[in-house]
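K.L.:
Sending over a structure as structure tokens; questions will come in a sec.
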Amino acid sequence: MNPTEVLADARETPPQGPPPKPFHLPATTDFTLPNGMQVTIVPYGTVPKVAARLFVGAGAIDEFAEQVWLSKLNAALMKEGTRTRSAAQVAREAAEMGGQLEVHAGSDFTSVGGVALSDFGPKFVALLADVLTAASLPAAELPRLTADLLRDLSIEKSQPESLARERFLGTLFPGHPYGRVYPSESQLQGYTIGDAQTFYRKNFAAARTHLYIAGKLEGDLGSAIEDAFGGWAKGAAAPGLPAQAAKARSFQIVDRPGAAQSNLLIGLPVAEPASPDYIKLDVMDSLLGGSFASRITSNIREAKGYTYSPFSKIGTRRHLAYWLQSADVATDVTGPALDEIFYEIDRLQRDPPSGEELQGIRNYLAGLFILRNTISPDAIIGQLHFVDSQGLDRSYLSTYTQRVMEVQPTDVQGMAETYLVPSKMTIVVVGDKAKIADQIAPYTQATEQEPQMNTDKHR
Amino acid sequence: MPITYYKLPNGLRVILSPDFTAPTVVTAVYYRIGFRVEPKDRTGFAHLFEHMMFQGSRNLGKMEFIRLVQQNGGVLNGSTRFDFTNYFELLPSNKLETALWAEADRMRGLAITDENLKNQQDVVINEVETSVHNQPYGGFPWLWMPQYANSNWYNSHNFYGELKDIEAATLDEVQAFFKTYYAPNNAALAIVGDFDPGEAQAMIAKYFSAIAPAELPPPPDLTEPRQEKEKTATRKDPLANRPALAFSYHMPPRNSPEYFAMGLLDQMLVQGDDSLLYQELVKKRGFTGEVGGAINELGNMFDYDGPMLWTAALFHDATAQPEQILSAIDEVVESLRSQPVDQSLVDRSVTKMRSSLYDTLTQFGGFGRADLMACYALFDDDPSKIDSLESEFRKVTPQLVERTAREYLRKANRTVLLIEPGAASPDADPDADPAAEMAAETAAEMEESN
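Each protein sequence line maps, in turn, to chains A and B.
Counted from 1, the first sequence has number 33 at position 34 by numbering that gives the first Met the number 0; the numbering is strictly sequential.
Counted from 1, the second sequence has number 211 at position 212 by numbering that gives the first Met the number 0; the numbering is strictly sequential.
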């Protein structure tokens, strides 16, 4: 019999498969050196590679208003050699271990690390320690690195998504380093080697540092760590600088004449990771816009064809979080795309999702959790660093899936209602102002005249 | 790691490779149809078609495939590449049968409408706008370089698609493309992760063995002629602030000794801060902050089957002339062509390559391993080739590196692509076909030299 004939009248239902296997998080070994540096080691996997990353609590947050990107300049200088090794030597030694030195300055942390062949684990740790604790920050390299940063700045500022991000974060975090995304060219040109050296001296120390090592482990890493970092000065813990995020309706247009699309960013502050609401927000976000099958993506991509890769997410900084919906939409549907996004927010605020829809999202997050904790040594490090840097207990990870499974339809609706308040949202549109003016008029007028705009009036 | 390889009676190639590190499983279906081979008046069709594979099959309506994977705790994707189009799911390991059932459902046939097609034409046009037209350096160099460096249409057309071609596609064309290329005897199914091979074989037989094979069209001639003259192309980019420069050399034939030597030359020249061009162009000359490069910019040096380019690219300032940068590149490249390199440099490149190979194979929860096994099954009928790669690189000698550089890093084998910030001149057609433009440039050059 032809199987397609059997199928002709009834649809098959997908096979469910057996029950899931139990998932155990990779076990960690944690200790603190006498100088306060924290260490976490995670044996994982059979592939002979090991990831080692040091997160130092030093980044944009430690820059003064006139020092934007000084942390990046410092990171670039840290790759330029140590008191005993030239930059070329550092690069060659890392390569001989199958690794590469990566130094990256972010909002709250500068990371120094890489992934090397397991045979060289202890030696790689020693090399990273030399870079981190004995960086020479040579003045001779300053002009070249400044020119590189000026080029990066110029290129980034030609990208529409970067312009949107700059305006969005600038609006959300006024007067705080989180809101200062880009320096001016003259600011960058003004940094001296003394500025970078002072930044390094002031902000890099053992008490602000956490070393994570994950992968297939070989050799005596414990001794290597003690030998390499034991003599590093303790310093003080990172001071922190709490941010007051803006919670007021703001509509911002960045004009980009001739743009083929409008880049939309819509969002506002939500509860921080340590809040009991955070996991519920995570579930709400995945259902609303944070996954391929989410409501906003189903609507503006799969039903309307307005955009290719819309997404929402919860962005975090230390002890704070914000929700964000992003979409690059065709210019002529800028207004309709905004309407649909707010329609979906409003719909979720009014009605709890069905049990079936929510169960799908809970399962999705439970599955993603396994991937995030197994997919690579760096992914494992990312999960642990998130928990530790947000001051959460490690039980956040061991209880995550259970807590996701406990989220109820009314919780999701409640999160949308409590947090996704349209009258408190920042909306940024990067696009051709003249072409989209009519489409976005309802939003711009509401900002000027009536902040408590009712967003579902178009339905 | 163990590999089981066999073919179903309908020709489907099956590769099974268990790995019990995590309770997850990758299910990947590869069809041997990439963007090189698409209808000549329908550029971008292979990629548009890939989108249609998510729009519905007999038992899974629109969005249901995506929802099925997601609500079972997994992620999925599809991509169109030079010589294949792939679809894969990464799921908790107890959901292997669910994935196999779903992939078999869409291998049997599509249940799609004009409305679905119109929707995905809009989505794909937005995709091209986002990544090319609305972006400074959009398509640089991955989309443009093959169009300038190659001369055979299959390798040199705009594979993302001219917007008018994407708009013109019809539902009949979609169904015809499916019938022609999406058959089990033109596909490979790779499974990597936590599963029992015996159980998997039974499930595969159950869901895939009744799917009928198709008669495949003869493959077109993809060969590129030996390039005998250096080519230079310039594109004006009104969205860009700084100039950029890329250069490509045609690769040696796949799996030849020279091909493996080029893998090491890529490591020597552009991979990592120890690489020769990083040291020269970044550290010594300060032309740029980084030099990126790859064999096959849309994958890796293993997952293609046809003419390929080794490409490197950098962004620079207007104060540095392309001629200066190229002469610095030439100095480095010529040093490799004129004498055998040190054994220590070869050794370091092998170490870097070995490390990078581990990364490739473990990429995305075992997807990287599935990718290579499926490609070696489709292209070479031998997925176990992945186990011999390391030893092939170890066979490379300094003499072979020199010989390879002498033939393949010839200036005449090179194409240079320059991006100049600023608006195109008013008489230039912004949608001009790069291949035609190149032909015109070459003709003009020849006239000058005559």
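Glycine is no exception: its CB is placed at the ideal position from the N, C-alpha and C atoms.
1) Would you say Met62/B lies against chain A (beta-carbon separation less than 7 Å)?
2) Alpha carbon to alpha carbon, how far is Ala236/A from Ser274/A? Give it in angstroms, no decimals.
3) Give me the chain B residues within the contact set of Ala46/A, using Cβ-Cβ distance strictly less than 7 Å, ordered along the chain.
4) Below 7 Å on C-beta distance, what does Phe291/A contact in chain B?
5) Across which residues does DSSP place Ala85/A in a beta bridge pair?
6) Is it buried or exposed, Gln119/B, if we count other Cβ atoms within 10 angstroms and call 16 or more buried?
7) Would Thr81/A pass as an interface residue toward chain B - the criterion being a Cβ-Cβ separation below 7 Å?
8) Under a three-way DSSP split, which group does Phe366/B fall into?
9) Find out if the Cβ-Cβ distance for the pair Thr373/A, Ala21/B is shorter than 7 Å.
10) Check the C-beta distance from Leu89/B over to Val25/B and give it rounded, since I have them as a contact under 8 Å.
11) Going residue by residue through the segment 259–328 of chain A, where are the continuous alpha helix (DSSP H) segments of at least 4 residues, counting only ones entirely within it?
12) Secondary structure at Pro18/A, three-state DSSP: helix, strand or coil?
13) Please list the terminal residues of the continuous beta strand (DSSP E) segment that includes Lys6/B.
14) Determine the burial state of Thr12/A: buried for a count of at least 16 other Cβ atoms within 10 Å of its Cβ, exposed for fewer.
15) Thinking C-beta only, is Gly366/A closer than 7 Å to Pro17/B?
16) Please confirm whether Pro256/B and Gln342/B have their CB atoms less than 7 Å apart.
17) What span of residues does the beta strand (DSSP E) with Ile252/A cover, start to end?
18) Specify the secondary structure class of Ile210/B as computed by DSSP and reduced to three states.
19) With a cut-off of 7 Å, does the C-beta of Gly97/A fall near any C-beta of chain B?
20) By the 8 Å beta-carbon criterion, what residues does the segment 86–97 of chain B contribute toward chain A?
21) Buried or exposed, going by whether 16 or more other CB atoms sit within 10 Å of the CB of Asp386/B?
22) Measure the C-alpha to C-alpha separation of Glu279/B and Leu371/B and round it to an integer number of angstroms.
23) Once the 5 residues before and after Gln99/A are set aside, which same chain residues still bring their CB inside 6 Å of it?
24) Grouping DSSP H, G and I as helix and E and B as strand, with all else coil, what is Gly10/B?
25) Can you list, in chain order, the residues of its chain with a C-beta nearer than 8 Å to that of Leu313/B? Leave out the 5 residues immediately preceding and following it.
26) Any C-beta of chain A within less than 7 Å: which residues of the segment 328–356 of chain B qualify?
27) Here's the rule: buried if 16 or more other CB atoms are within 10 angstroms of the residue's CB, otherwise exposed. What is His46/B?
28) Give me the chain A residues within the contact set of Phe44/B, using Cβ-Cβ distance strictly less than 9 Å, ordered along the chain.
29) Quick one: which chain A residues come within Cβ less than 8 Å of Trp152/B?
30) Name, going along the chain, the residues of the segment 251–273 of chain A whose beta-carbon falls closer than 9 Å to a beta-carbon of chain B.
31) Work out the CA separation of Ser334/B and Arg402/B for me, nearest whole Å.
32) Arg31/B and Asn185/B look like a contact to me (Cβ under 8 Å); what is the Cβ gap, rounded to whole Å?
33) Measure the alpha-carbon distance for Gln382/A versus Val41/A and round it to whole angstroms.
34) Using alpha carbons as the reference points, say which of His384/A, Glu405/A and Ala433/A lies closest to His209/A.
35) Just to confirm, are Pro135/B and Leu238/B a CB contact at a threshold of 7 Å?
36) Taking the beta strand (DSSP E) that Gly292/B falls in, what are its first and last residues?
P.N.:
The answer reads as follows:
1) yes
2) Here the alpha carbons of Ala236/A and Ser274/A stand approximately 23 Å from one another.
3) Reading off the sequence, residue 46/A comes out as Val, not Ala. Within 7 Å Cβ-Cβ: Tyr357 and Thr361.
4) Ile65 and Gln69
5) According to the sequence as given, residue 85/A is Ser; it is not Ala. BP columns for Ser85/A point to Gly80/A.
6) buried
7) no
8) In the three-state scheme derived from DSSP, where H, G and I count as helix and E and B as strand, Phe366/B is classed as helix.
9) yes
10) With 8 Å as the limit, Leu89/B and Val25/B qualify as a contact, their Cβ atoms being about 5 Å apart.
11) 277–287
12) Looking at Pro18/A - three-state DSSP - the assignment turns out to be coil, as it is neither helix nor strand.
13) Thr3 to Lys6
14) Label assigned to Thr12/A: exposed.
15) no
16) no
17) Ser249 to Asp254
18) coil
19) yes
20) Leu89, Leu90, Pro91, Ser92, Asn93, Lys94, Leu95, Glu96 and Thr97
21) exposed
22) 33 Å
23) Cβ neighbours of Gln99/A beyond the five flanking positions: Ala93 and Gly113.
24) The answer is coil: DSSP assigns Gly10/B none of H, G, I, E or B.
25) Ala243, Leu244, Ala245, Leu280, Phe286, Thr287, Glu289, Val290, Gly291 and Ile324
26) Arg347, Thr350, Lys351, Arg353 and Ser354
27) buried
28) In chain order: nothing, as chain A lies at least about 17 Å away.
29) Within chain A, no residue comes near Trp152/B; the closest Cβ sits about 27 Å away, beyond 8 Å.
30) Arg255, Gly257, Ala258, Ala259, Gln260 and Asn262
31) 12 Å
32) 5 Å
33) 12 Å
34) Here the closest residue by C-alpha is His384/A.
35) Yes; because the gap between Cβ atoms is below 7 Å, this pair is in contact.
36) Gly291 to Ile294
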